[in-house]
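Asks:
Number of protein chains: 2
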Amino acid sequence: MISFKGFEPTGSSPIYLQIIKHIKVSAVSGDAANGDELPSRRSLSAMLGINPNTVQKAYRLLEDEGIISTVPGAKSILDISPEKLASIKIELLQSTALSAVKSMIEMHITKDDAFRVMEELWDKEEKGESK
Amino acid sequence: MISFKGFEPTGSSPIYLQIIKHIKVSAVSGDAANGDELPSRRSLSAMLGINPNTVQKAYRLLEDEGIISTVPGAKSILDISPEKLASIKIELLQSTALSAVKSMIEMHITKDDAFRVMEELWDKEEKGESK
DNA sequence: CATGCTGTATTATTCAAGTAATACGGTTTA
DNA sequence: TAAACCGTATTACTTGAATAATACAGCATG
C-alpha cells in the first residue's frame, strides 16, 4: 500500500496536485514499487478530510498519464513502464532544475557562483532531512 | 530609462508579476542602475496594451518593497539600497534554486547526479542565450 | 491660463480553478 | 439478499485573483 503517512495538504498549491506529486515522487524515489496498491478514493478523502472527488481528480489524471491502473472491482495500483518512470523523473527535474538554471542565467550569475550557491543550499537542506 | 525592449507579457503568470520580476532582474543583473527612470504608468501600459492600473499595481508593490521611489510630479526611479539589492538577489535565487534542491533531495537523487544534470542544463541554456 | 501629462484611489467586472454535493451502477462480503 | 464498500459522472458552488473602468487632484509646460 502506498503510504500517505505524514502527508497533509499544505500551502496554496491545489490539493489534487499535491496528491499527484506525492505519488509521482513515491514512484521515482523508490518508496513505492510497481503493483503497490493505492488507498481507495473514499478512504483517502476521509483521511485528509476532503471531498472524494478531489482525490478522484488526482487519480483520474494519473491514470490518463499512464501512471496508475484501475481494475474494476479491485483497487487502483501503481502501474508504470520503466520508460514512463524515467520520463517522470525528467519531468520532475525539469520543472525545478531547469527553471532554476534559466533564472540564474537571466540574473547574469556566473556558473561558478551559481554552483557554489547550489552546493551550499544542498548541504543545508540535506542536513535538515531527518525523515 | 529602464528598458522594456523585448519585454512582453507571456504565459499564464500575471502581468503585474512579470513586470515586477523584469525590474528586479534588471536591477540584479546590472542592466539597470540606481537612479534610472522607469516609464510612466500610462506610457508603459499603452506600450503593452494593458490597463494602467495593472502597471500601477506592479509599481506600487515595488515601492512598498523599497525598490523604486516615486517623487510627486516627477518620474519614478530605481532606488534600492545595496543591502536591499543583495536581499533581492537572494530572494530570486531562493525562489528557484532552493525549490530545485528540495525537490531533487526529495527524489532521492544523489548530489553528484543532481549536479551533473544541472551542469548539462546550464551549458545547454547558456548556449541558447543570444540576446 | 489651459491643456496634457502625472500618480492615486475606489469600485466593478470578469474569469477560471478548485472543491464540493449528489446521484448512479457495480462488486464484494457477511 | 442486504449492507457496505467501490469507481464514476454530472452539476453546482465558492472564492480569489487579475484586470479594467472611472474619477480625482496635482504638477509641468506651452
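Line order of the protein sequences matches chains A and B. Residues 1 to 131 (the working numbering) are what the first sequence spells out, left to right. Residues 1001 to 1131 (the working numbering) are what the second sequence spells out, left to right. The C-beta atom is built at its ideal place from N, Cα and C for all residues, glycine as well.
Measure the CB-CB distance between Met107 of chain A and Ser1029 of chain B and report whether it falls below 8 Å.
Replies: Closer than 8 Å, so yes.
Asks: What three-state label does DSSP hand Thr1054 of chain B in the structure shown?
Replies: If DSSP states are grouped into helix, strand and coil, Thr1054 of chain B belongs with the helices.
Asks: Check whether the Cβ atoms of Leu1085 of chain B and Val117 of chain A lie closer than 8 Å to each other.
Replies: Not closer than 8 Å, so no.
Asks: Let me know if Pro1039 of chain B comes out buried or exposed under the rule of 16 or more other beta-carbons within 10 Å of its beta-carbon.
Replies: So Pro1039 of chain B ends up on the buried side.
Asks: Given 8 Å as the limit, is there contact between the region 1063-1080 of chain B and the region 56-70 of chain A, that is, 3 or more CB pairs closer than that?
Replies: Contact fails: fewer than three Cβ-Cβ distances are below 8 Å.
Asks: Quick one: measure Cβ to Cβ for Ile19 of chain A and Val55 of chain A, integer angstroms, because I've assumed they're closer than 8 Å.
Replies: Going by Cβ atoms, the distance from Ile19 of chain A to Val55 of chain A rounds to 7 Å, so yes, they are a contact pair.
Asks: Please say whether Pro9 of chain A and Leu44 of chain A have beta carbons closer to each other than 8 Å?
Replies: Against a cut-off of 8 Å, the Cβ pair of Pro9 of chain A and Leu44 of chain A comes out as no contact.
Asks: Between the Cα of Lys5 of chain A and those of A:Leu17, A:Ser26, A:Asn51 and A:Gly128, spot the shortest distance and give me the residue it belongs to.
Replies: Checking every option, the nearest Cα to that of Lys5 of chain A belongs to A:Ser26.
Asks: Report all residues from its chain with a CB closer than 6 Å to the CB of Lys1075 of chain B; omit the five preceding and five following residues, and keep chain order.
Replies: The residues are Glu1037.
Asks: If contact means a Cβ-Cβ distance below 9 Å, which residues of the region 104-115 of chain A contact chain B?
Replies: Those residues of the region 104-115 of chain A that come within reach of chain B (Cβ to Cβ, closer than 9 Å) are Met104, Ile105, Glu106, Met107, His108, Ile109, Lys111, Ala114 and Phe115.
Asks: Establish whether the CB of Met118 of chain A and some CB of chain B are separated by less than 8 Å.
Replies: Closer than 8 Å: yes.
Asks: Is the beta carbon of Glu125 of chain A closer than 8 Å to that of Val1101 of chain B?
Replies: Yes, Cβ-Cβ distance for Val1101 of chain B and Glu125 of chain A is below 8 Å.
Asks: The region 16-36 of chain A: which residues have C-beta closer than 7 Å to a C-beta of chain B, in chain order?
Replies: The residues in question are Val25, Val28, Ser29 and Gly30.
Asks: Determine the DSSP secondary structure at Leu1038 of chain B, reduced to helix, strand or coil.
Replies: Three-state DSSP puts Leu1038 of chain B in coil, outside helix and strand.
Asks: For Ser1012 of chain B, list the residues DSSP reports as bridge partners.
Replies: None; Ser1012 of chain B has no bridge partner.
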